[in-house]
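Here's the structure, in structure tokens; my notes come after.
Protein chains: 2
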Amino acid sequence: MKEDILYHLNLDTASHDFPKQFGDVKFVCVGGSPWRMKSFTEYIAKELGLEDPKGEYPNICEGTDRYAMYKVGPILSISHGIGIPSMSVMLHELIKLLYHARCTDVTIVRIGTSGGIGLQPGTVVVTKQSVDAMFLPRFEQVVLGQARLDGAFCSYTEEEKQNYLSEAYAAGVRNIEMESSVFAAMCKLSNIRAAVVCVTLLDRQKGDQMSSSHEVMHSYQQRPQILTGHYIKKKLKTFKNI
Amino acid sequence: MKEDILYHLNLDTASHDFPKQFGDVKFVCVGGSPWRMKSFTEYIAKELGLEDPKGEYPNICEGTDRYAMYKVGPILSISHGIGIPSMSVMLHELIKLLYHARCTDVTIVRIGTSGGIGLQPGTVVVTKQSVDAMFLPRFEQVVLGQARLDGAFCSYTEEEKQNYLSEAYAAGVRNIEMESSVFAAMCKLSNIRAAVVCVTLLDRQKGDQMSSSHEVMHSYQQRPQILTGHYIKKKLKTFKNI
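So the sequence lines, in the order shown, correspond to chains A and B.
Numbered according to our numbering, the first sequence spans residues 1 to 242.
Numbered according to our numbering, the second sequence spans residues 1 to 242.
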């Protein structure tokens, strides 16, 4: 293939020098919302002393509003939208980008939000194992009749929901989000080190409405970023010592 | 429930008067990209002679960047992102919004882009029947082993892809997109009239890379909007004649 067009990222190998633009990438941080990924970029730039004096972090995917991408030093940040298909479209093109750029030793971290089960809202969960609706560690979508809509629980009664959550809790599940199974599967297939670090915004055993203030929600959303920032800083020191 | 928070739309019944703000809505147009929905709003405003003299169409979902929503007269436009989960999250909250606003006689149209099969790129397809991966008219996600990622065809060979597309074509399938099954299912469950109107951006039997220019792509993307605009104008005349 002479030219590879990463359509949803609005990037292509003909008009971009991928090795030059992205070759130094060691960490890719992904999260649902474009705003959150921009904010993470500003945060990590400051943390790493790589701040742009004008505070400018242009969106590399400018020209599309499907996804937003930012880069500061060896850190690439990309939004992935909501759910497995949105995630898989982005990941598919991201993985091609890393390949074309000849990146090595890359770690991808999903910095997300999630519903919690039996945890204080604001708890940060580092996923040990993604499981699907059958509590199986696989990437396969199972539909329990017409009612089973991802993340929506549309036609369940409150009691059915709570039973489901109790079962999940008993099976070791601590938070709920919508992307980690495909994320884990695709990163593994591509031999990329990956992590899922999500803050819980509420305890789903106590309901599914968001009752915290915007300020509180905002501060919760910082937490996976801060933890991941620490990790990245630590790892970057190791790179320098090699 | 005293207050209903539509979290992903950043709207709630406590601080918004839904019947006042949305009660007159008769058409909801949804599409993947926020930019496209804003552009549709500007287009339909002009078409209906409801233009804002300053050309301002504020995003009703301001404060979140998950989705973008615009309103002009009885037309609501909302983005839904990529794929079934993203679509179902938005639809779930949109349907609650319409209920709280006591809207009646609402029609929802998905104005989208898609891959075509055996059609000239730029062809507008009005979906007769959404089918799933098994060509069955149901909303149920079936996974053919690890390779089956929505819309990605990741691990298929080129020959397998073409066989799959030929089979689809023989079964009457003319375009491919990622949201219409959940869209059709949820609208039907909610007794809402709905349509899927998508332009094809390429012929998937000839490949999956986007080779048309930005101008051409842009003009293709106008087509579902123009067709839907005609329909809405026609229907609104009927409303006035009642």
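Ideal Cβ positions, reconstructed from N, Cα and C, are used throughout, including at glycine.
Cβ of residue i within 8 Å of any chain A Cβ
| i | result |
| --- | --- |
| Asp24/B | no |
| Val28/B | no |
| Gln129/B | no |
| Asp52/B | no |
| Val89/B | yes |
| Arg66/B | yes |
| Ile82/B | yes |
| Ile5/B | yes |
| Pro58/B | no |
| Ala152/B | For Ala152/B, the pLDDT reaches just 38, beneath the cut-off of 50, and the residue's location in the model is therefore unreliable, leaving the point undetermined. |
Sub-8 Å separation of residue i and residue j beta-carbons
| i | j | result |
| --- | --- | --- |
| Gly122/B | Val199/B | yes |
| Gln205/A | Leu165/A | yes |
| Arg36/B | Leu119/B | no |
| Val25/B | Arg110/B | no |
| Ile78/B | Met69/B | yes |
| Phe183/B | Leu48/B | no |
| Thr228/A | Val197/A | yes |
| Lys38/B | Tyr7/B | no |
| Asp65/B | Pro34/A | yes |
Within-8 Å CB hit, residue i to chain B
| i | result |
| --- | --- |
| Ser33/A | yes |
| Ser15/A | no |
| Pro121/A | no |
| Ser86/A | yes |
| Gln209/A | yes |
Through-space distance from residue j to residue i, alpha-carbon basis
| i | j | result |
| --- | --- | --- |
| Phe22/B | Gln209/A | 22 Å |
| Ile5/A | Leu11/A | 6 Å |
| Leu98/A | Ala195/A | 17 Å |
| Ile108/B | Lys188/B | 11 Å |
| Thr41/A | Thr157/A | 41 Å |
| Gly115/B | Leu201/B | 6 Å |
| Glu93/B | Pro19/A | 43 Å |
| Leu9/B | Gly32/A | 14 Å |
| Pro85/B | Tyr67/A | 16 Å |
| Arg102/B | Lys161/A | 27 Å |
| Lys243/A | Ser190/B | Within the shown structure, residues of chain A are numbered from 1 to 242, placing residue 243/A beyond reach of any answer. |
| Leu236/B | Ile75/B | 10 Å |
| Glu159/B | Ser219/A | 50 Å |
| Gly112/B | Gln221/B | 8 Å |
| Val106/A | Glu215/B | 36 Å |
| Val89/B | Lys128/A | 26 Å |
| Tyr43/A | Asn163/B | 48 Å |
| Met217/A | Gly63/B | 12 Å |
| Leu50/A | Tyr231/B | 53 Å |
| Lys96/A | Ile60/A | 16 Å |
| Glu177/A | Asp52/B | 40 Å |
| Val126/B | Thr104/B | 24 Å |
| His100/A | Lys2/A | 12 Å |
| Thr13/A | Lys54/A | 29 Å |
| Gly207/A | Gly207/B | 47 Å |
Host alpha helix (DSSP H) of residue i (start-end)
| i | result |
| --- | --- |
| Ile111/A | From DSSP, Ile111/A is part of no alpha helix (DSSP H) but of the beta strand (DSSP E) over Thr107 to Gly116. |
| Val173/B | First-last for Val173/B: undefined, no H or E at that position. |
| Leu76/B | Looking at the DSSP string, Leu76/B is not in any alpha helix (DSSP H); the run it does join, the beta strand (DSSP E), is Ile75 to Ser79. |
| Tyr67/A | Segment: none, Tyr67/A is in no alpha helix (DSSP H) and carries neither H nor E. |
| Lys54/B | It is not in any alpha helix (DSSP H) - Lys54/B carries neither H nor E in the DSSP assignment. |
| Ala45/B | Pro34 to Glu47 |
| Lys96/A | Gly83 to His100 |
| Pro19/B | Phe18 to Phe22 |
Bounding residues of the beta strand (DSSP E) (the contiguous stretch that carries residue i)
| i | result |
| --- | --- |
| Ala281/A | Beyond the ends of chain A as shown, which are 1 and 242, falls residue 281/A; an answer cannot be given. |
| Val28/A | Phe27 to Gly31 |
Nearest-angstrom Cβ-Cβ length linking residue i and residue j, presumed shorter than 8 Å
| i | j | result |
| --- | --- | --- |
| Val28/A | Ala45/A | Wrong, their Cβ atoms sit about 15 Å apart, outside the cutoff. |
| Val124/B | Arg193/B | The pair is not a contact, with the Cβ atoms about 19 Å apart (cut-off 8 Å). |
| Ile117/B | Ala168/B | 6 Å |
| His80/B | Glu179/B | 6 Å |
| Asp130/B | Ser181/B | Here residue 130/B turns out to be Ser, not Asp, going by the sequence shown. With 8 Å as the limit, Ser130/B and Ser181/B qualify as a contact, their Cβ atoms being about 5 Å apart. |
Partner residues on chain E for residue i, Cβ-Cβ distance less than 8 Å
| i | result |
| --- | --- |
| Pro224/B | Among the protein chains in the structure shown, which are A and B, there is no chain E. |
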